[in-house]
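Residue numbers are given in this note's numbering: position 59 of the sequence shown equals residue 1253, and the series is strictly consecutive. Ideal Cβ positions, reconstructed from N, Cα and C, are used throughout, including at glycine. Bear in mind that the values here come from a model prediction, so they are computed numbers and not experimental data.
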Amino acid sequence: MTTQRNGSAPVDGPIPHHVAIIMDGNGRWACDRDLPRHAGHREGMKAVRQAIEGAMETGVGILTLFAFSTENWQRPEEEIVALMRLLKLYAESEREELQEKGVEVRVLGDLARMDAETRASVEAIEEATQGGSRLRLNLMISYSGREEILRAVRLVAAEVARGSLDPEAVDARTLEKFLHTRGLPDPDLLIRTSGEFRLSNFMLWQLAYTEIHISPVLWPDFTRLDFFAAVRDYQRRERRFGRVTAG
Ligand code: IPE
Ligand code: IPE
Ligand code: MG
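Next comes the structure, spelled out in structure tokens:
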């Protein structure tokens, strides 16, 4: 494999169609600078822009960002309020640009737990960007993998109870129809920043055969070059899906 200049998007080799990112390390970034945690979250918004640019330059079709987990509701109230404010600010300030760039935004998770104002702003960005065909951007908010699977199981069970679904006919494709990611292919590449080696309840169903890249960079410092480096790492992998050889 030929190596390319770090500054340019990786073109030699397979391009992951769907990239998911666990954006981690905002709190440590702030702590390193004696700043409050919310300052790290604010700085993290710049990295979101970088990731989107990196994905578009690389030719990735779907970018899924883990922004707030179900478990994150257990954080101190003031941090949750700051995060929701930032989400609202992001949805309002980026709406036009994302729309112009052809980015279709979807916010996936248990949105009922969100305050009404934040929810209205994320619904507005979804509506404004609907039909964007260059990049599908999933923002996973109030999301956890187990919750998503449980929700799908409840919906499947309801269909069975109604008599419209035969339990014997339930297979992976049936369940996938009830996941938030319905209709989307599984991620090819998962990036986690801040050097943590765990999934933290993220996309437990969809990551079954995803290649994982752990970056030591704290999320607010993440740039499109880190995105390119992750894709290059992906291009060196041999994906076997349980078989003896790739392909
Ligand atoms: C990731 O950064 C953002 C969210 C989970 C909302 P953290 O806030 O988890 O930052 P660290 O892990 O404490 O550094
Ligand atoms: C995972 O990060 C959730 C998001 C990035 C939104 P956390 O910081 O919440 O995960 P743990 O606590 O380190 O596992
Ligand atoms: Mg963290």
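Sub-8 Å separation of residue i and residue j beta-carbons
i, j, result
"residue 1222", "residue 1412", "yes"
"residue 1422", "residue 1241", "no"
"residue 1212", "residue 1253", "no"
"residue 1410", "residue 1234", "no"
"residue 1332", "residue 1258", "yes"
"residue 1396", "residue 1260", "yes"
"residue 1216", "residue 1418", "no"
"residue 1284", "residue 1250", "no"
"residue 1207", "residue 1429", "yes"
"residue 1374", "residue 1303", "yes"
"residue 1210", "residue 1382", "yes"
"residue 1244", "residue 1416", "yes"
"residue 1398", "residue 1343", "yes"
"residue 1380", "residue 1346", "no"
"residue 1308", "residue 1336", "yes"
Heavy atom of ligand 1 within 7 Å of residue i beta-carbon
i, result
"residue 1262", "yes"
"residue 1266", "yes"
"residue 1220", "yes"
"residue 1217", "yes"
"residue 1277", "yes"
"residue 1243", "no"
"residue 1235", "yes"
"residue 1231", "yes"
"residue 1399", "no"
Identity of the residues DSSP links to residue i by a beta bridge
i, result
"residue 1401", "Beta-bridge pairing links residue 1401 to no other residue."
"residue 1258", "1214 and 1332"
"residue 1383", "1213 and 1405"
"residue 1302", "1334"
"residue 1297", "1329"
beta-carbon residue i near ligand 2 non-hydrogen atom, thresh 7 Å
i, result
"residue 1390", "yes"
"residue 1287", "no"
"residue 1327", "no"
"residue 1394", "yes"
Test: residue i CB closer than 8 Å to a CB of chain B
i, result
"residue 1279", "Within the model displayed, chain B is absent; a lone protein chain is all it includes."
Which residue spans inside the region 1228-1285 form an unbroken beta strand (DSSP E) run of at least 3? 1256-1263
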